[in-house]
Amino acid sequence: MSNLSTTIENYTMQTSLTLEVKEENMVSQKQYSPTFKPYNNHQVQVIFDIQEMIPSHHVARVVDEMMESIPDEKLFFHYPGGGRPPFHPKLMLKVILFGYSQKVYSCRGKADARKPPDYVAGSHATA
Numbered sequence: 014m015s016n017l018s019t020t021i022e023n024y025t026m027q028t029s030l031t032l033e034v035k036e037e038n039m040v041s042q043k044q045y046s047p048t049f050k051p052y053n054n055h056q057v058q059v060i061f062d063i064q065e066m067i068p069s070h071h072v073a074r075v076v077d078e079m080m081e082s083i084p085d086e087k088l089f090f091h092y093p094g095g096g097r098p099p100f101h102p103k104l105m106l107k108v109i110l111f112g113y114s115q116k117v118y119s120c121r122g123k124a125d126a127r128k129p130p131d132y133v134a135g136s137h138a139t140a
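Numbering (the working numbering) for the sequence shown: 14 to 140.
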């Protein structure tokens with residue numbers, strides 16, 4: 014009595030099994046449009062209006078106007094859509110550019126500045 018998986022003549026360690034491979038049609042992936050977390054930096058707060066706390070000549074207003082002048086389509090092609098909505102790319106760029114204009118490069122430093130970053134970010138906690 015000989016076991017097929019341990020025969021010495023052909024040195025096979027196990028019998029080969031034929032596997033049936035089923036080809037499945039690849040379902041085309043649905044194209045999602047990019048969605049972002051909403052933000053509004055012109056919203057009046059419960060107790061105070063953040064627009065009144067920022068002077069009219071402040072750098073935060075310049076950064077805000079500069080980023081709002083960029084068409085959304087220029088920034089959206091990097092986002093495939095679907096999944097959990099990320100922060101809006103304009104909001105993130107506003108926070109980064111404002112920090113660079115103030116020579117603050119760390120997230121901690123941007124969080125400590127509070128009022129102007131709150132203005133450009135619409136009071137979202139992005140850090």
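Backbone N, C-alpha and C define an ideal beta-carbon position, used for all residues, glycine too. In this text, all values refer to a predicted model and were calculated from it rather than measured experimentally.
- Restricted to the region 54 to 86, the alpha helix (DSSP H) segments that are unbroken, complete and at least 4 residues in length are 63 to 66, 72 to 81, listed in chain order.
- Contact between residue 81 and residue 103 holds, since their C-beta atoms are separated by about 7 Å, short of 8 Å.
- If you look at residue 113, you'll find it in the alpha helix (DSSP H) that goes 102 to 114.
- A Cβ-Cβ distance of about 6 Å is found for the pair residue 67 and residue 74, placing them in contact under the 8 Å criterion.
- Take residue 118, set aside five residues on each side of it, and the residues of its chain with a beta-carbon closer than 7 Å to its own are 112, in chain order.
- Relative to the Cα of residue 54, the nearest Cα in the group 101, 46, 45 belongs to 101.
- Rounded to whole angstroms, the separation of the alpha carbons of residue 76 and residue 46 is 27 Å.
- Contact between residue 108 and residue 87 is absent: CB atoms are separated by about 18 Å, not below the 8 Å threshold.
- Contact annotation: residue 93 and residue 48 have beta-carbon atoms that are not nearer than 8 Å.
- Ranked by Cα distance from residue 116, the first of 72, 64, 62 is 72.
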